[in-house]
Every structure is written in C-alpha cells, then in structure tokens.
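Peer 1: Would you mind keeping the following structure in view while I ask a few things?
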Amino acid sequence: MTWKKVCTAGDIAENTIAEYDVDGAKIAVVRSGEDVFAYPLRCPHMEEPLSTGFCDGETVTCSFHLWQWDMRTGESTGEAEVDLLKYPVKVEDGDLYVDMTNVLSYE
Ligand code: FES
C-alpha cells in the first residue's frame with residue numbers, strides 16, 4: 002500500500018464532496034462523523050467531477066445525471082449502472098491518509 006496524507010480529517014465538512022489533489026491524482030472525499038470515504042474524482046458514468054455532487058451522510062449523488070451510491074460501500078442505490086470505486090483510507094493522529102496504490106489518473 003502507498004499511503005499518502007490528504008488533509009486533516011476534521012477539515013472535511015460533512016454533507017459535502019471535497020476534491021483533493023494528491024501528487025497529481027484527483028480524488029473525492031466525504032465524511033460522516035468519524036467515518037471518511039474516498040473515491041475517484043470522476044463519476045463512472047461520464048467522468049464528470051463528483052465534487053459538484055451531493056452527499057447526505059448516506060448517499061453520494063452525482064449532480065450531472067443523478068446516479069447514486071451508498072456512501073459506505075460504493076454500491077449503486079438507484080439508477081447507477083456501476084458501483085463507485087472506493088479507495089482505502091485511514092485516519093492517524095487526526096490526519097486522513099488514502100492508499101494511492103490503485104488510484105485512477107485522468108488526462
Ligand atoms: S456523469 Fe455522473 S451521473 Fe452522469
């Protein structure tokens with residue numbers, strides 16, 4: 002695993018989808034209480050940025066065509082035809098780390 006520090010976990014606002022650039026790789030991050038989840042920035046439908054979407058603490062919604070996924074599992078909860086890839090995360094000493102081993106890159 003290739004853990005990279007992303008931010009201070011407490012800096013991630015709840016009910017938003019934050020965008021981070023980690024060594025040139027763009028990821029989307031959401032938080033619900035102490036739980037934090039990370040995904041590729043680009044929606045698996047048409048690669049629009051998830052950071053313009055919505056998170057209500059249970060569901061991640063892409064703003065473009067409203068595909069939705071379970072925030073915790075990445076599984077489709079609606080019309081999404083594919084699940085949302087999740088990246089491994091950990092919080093140590095209040096800092097959020099994401100395993101960048103299999104992070105997708107975009108041109
Ligand atoms: S681009 Fe996200 S649902 Fe279509």
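Position in the sequence shown counted from 1, then plus 1, gives you the working numbering. The C-beta atom is built at its ideal place from N, Cα and C for all residues, glycine as well.
With DSSP run on the structure shown, which of helix, strand or coil describes S106?
Peer 2: Three-state result, S106: coil.
Peer 1: Which runs of the beta strand (DSSP E) spanning at least 3 residues fall entirely within the segment 41 to 101, listed in chain order?
Peer 2: Within the segment 41 to 101, the complete beta strand (DSSP E) runs of at least 3 residues are 60 to 62, 69 to 71, 90 to 93, 96 to 100.
Peer 1: Can you give me the Cβ contacts of K91 inside the same chain, cut-off strictly under 6 angstroms, excluding the 5 residues immediately before and after it?
Peer 2: Closer than 6 angstroms at Cβ, skipping near neighbours: Y98.
Peer 1: With a threshold of 16 other CB atoms inside 10 Å of the CB of L67, please say whether the residue is buried or exposed.
Peer 2: Per the 10 Å Cβ criterion, exposed.
Peer 1: Among G34, L42, I18, C56, which residue has its Cα nearest to the Cα of K27?
Peer 2: Answer by Cα proximity: L42.
Peer 1: Going by DSSP, what residue range makes up the beta strand (DSSP E) through I28?
Peer 2: Taken as a continuous stretch (DSSP letters only), the beta strand (DSSP E) holding I28 covers 26 to 33.
Peer 1: Assuming the contact rule is C-beta atoms closer than 8 angstroms, V83 and I18 should be a hit. Round their C-beta distance to whole Å, please.
Peer 2: Their Cβ separation, rounded to whole angstroms, is 18 angstroms, which puts V83 and I18 out of contact at 8 angstroms.
Peer 1: Rounded to whole angstroms, what's the CA-CA distance from T78 to M72? Just pull it up for me.
Peer 2: Spanning the two alpha carbons is a distance of roughly 10 angstroms.
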